[in-house]
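Visitor:
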Amino acid sequence: MTAQMQVLTIAKRIYSNGLVIASLGNVSCREKEDIIAITPSGIDYEDLTVEDIVTITLQGKVVKGDHTPSSETPMHTLIYRERPDIQGVVHTHSIYASAFSVVNREIPVDMVEVAAHVGGRIPVAPYRLPGTEDLGRQALTVLQDRRACILQNHGVLAIGETLEKAYKAAAIVEIAARIHILGSLIGVPREIPSEDIQKLRRMYFA
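Everything in the sequence shown is counted per the working numbering, starting at 1 for the first residue and increasing by one.
1) Within its chain, find whatever has a CB closer than 6 Å to the CB of Met5; leave out the 5 residues flanking it on each side and keep chain order.
2) Give the secondary structure of Val54 by DSSP, where H, G and I count as helix, E and B as strand, and everything else as coil.
3) Give a yes or no on contact between the region 73-87 and the region 167-187, applying the rule of three or more CB pairs nearer than 8 Å.
4) Residue range of the beta strand (DSSP E) that His180 falls in?
5) What ranges does the beta strand (DSSP E) occupy inside the region 20-69, keeping only unbroken runs of at least 3 residues that lie completely in it?
6) Would you check if there are 3 or more beta carbon pairs closer than 8 Å linking the region 175-190 to the region 105-112?
7) Quick one: Cα of Val54 to Cα of Pro69, how far?
8) For Asn153 and Ala97, what's the separation of their Cα atoms in angstroms?
9) Assign Gly88 to one of three DSSP states: helix, strand, or coil.
10) Compute the distance between the beta-carbons of Leu24 and His76, then report whether it is under 8 Å.
11) Using a Cβ-Cβ cutoff of less than 8 Å, which residues in the same chain neighbour Gly60 once the five nearest sequence positions on both sides are dropped?
12) Quick check on the DSSP output: what are the complete beta strand (DSSP E) runs of length 3 or more inside the region 73-151, in order along the chain?
13) By the 10 Å Cβ neighbour count, where 16 or more other Cβ atoms means buried, how is Val188 classified, buried or exposed?
14) Quick check on this structure: which residue in Ile79, Ala158 and Ile36 has the alpha carbon closest to the alpha carbon of Gly65?
15) Is it right to say Arg128 is buried, meaning 16 or more other beta carbons lie within 10 angstroms of its own, or is it exposed?
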């Protein structure tokens, strides 16, 4: 599957699963070492076609496509330049995870899926203006060896060695946020012990 088709597939999936609305959020996939495919700016996911996906260099120059690339292009390109191992990036504005973002609170590892597919507690990157490289820089600082973080007052950022892994991490962040909030209404959520988190990483994270 081409990088453009992968981007379209995941963009449709985050829309259908309620992780974004309209044209909010963005998806990208590495095509070559210095080329990525990325969602366009201002086109609703419901209407998106593969021809709408924009191909750009890691300096943000359009190689193929008739549309303006996502307004978060600087964040995406910085991540790909700094992390050659990363092949996919997903940014969502999912509701429950965004609730954590506005109170600047990380999501603990209450569920095995968080350890297995995100890699540990989901940290919060300090607020930076959207559409800037600094937003991506702050995210990379807190991500370390994890696949997802919360962007303060903004949403969720997920990365992966494949675009599918980035998508799965973004989806699990939202599930974990929702379950933690609901669990807190019933009682006190219990976090998985740190030694078990490391075991789960070894079992599933690769």
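Glycine is no exception: its CB is placed at the ideal position from the N, C-alpha and C atoms.
All figures in this text were calculated on a predicted structure; none of them were measured in a lab.
Guide: Taking the structure as given:
1) Counted from its first residue, the sequence shown places residue 5 at position 5. Contacts found: Val50.
2) Stepping through the sequence shown from its first residue, residue 54 is reached at position 54. Three-state result, Val54: strand.
3) No: fewer than three Cβ pairs fall under 8 Å.
4) Start at 1 with the first residue of the sequence shown, and residue 180 comes out as number 180. For His180, no beta strand (DSSP E) run applies; the uninterrupted alpha helix (DSSP H) run containing it begins and ends at Leu163 to Ile186, by DSSP.
5) With a minimum length of 3 residues, the unbroken runs of beta strand (DSSP E) contained wholly in the region 20-69 fall at 26-32, 35-38, 54-57 and 62-64.
6) Yes, the region 175-190 is in contact with the region 105-112.
7) By 1-based counting over the sequence shown, the position of residue 54 is 54. By 1-based counting over the sequence shown, the position of residue 69 is 69. Here the C-alpha atom of Val54 lies approximately 6 Å from the C-alpha atom of Pro69.
8) Within the sequence shown, residue 153 is the residue found at index 153, counting from 1. Within the sequence shown, residue 97 is the residue found at index 97, counting from 1. For Asn153 and Ala97, the distance between alpha carbons rounds to 10 Å.
9) Taking the first residue of the sequence shown as 1, we reach residue 88 at position 88. Look at Gly88 here: in three-state DSSP terms it is strand.
10) Walking along the sequence shown from the start, residue 24 turns up at place 24. Walking along the sequence shown from the start, residue 76 turns up at place 76. Here Leu24 is not near His76, since their CB atoms are 8 Å or more apart.
11) Stepping through the sequence shown from its first residue, residue 60 is reached at position 60. Excluding residues within five positions, the ones whose Cβ falls inside 8 Å are Pro69, Thr73, Pro74 and Thr77.
12) Within the region 73-151, the complete beta strand (DSSP E) runs of at least 3 residues are 88-92 and 148-151.
13) As a first step, residue 188 must be located in the sequence shown, where it is residue number 188. Residue burial annotation: Val188 is exposed, with fewer than 16 other C-beta atoms found within 10 angstroms of its C-beta.
14) Locating residue 65 in the sequence shown gives position 65, where the first residue counts as 1. Cα-wise, what sits closest to Gly65 is Ile36.
15) Position 128 of the sequence shown, counted from the first residue, corresponds to residue 128. A buried status is given to Arg128, since no fewer than 16 other beta-carbon atoms sit within 10 Å of its beta-carbon.
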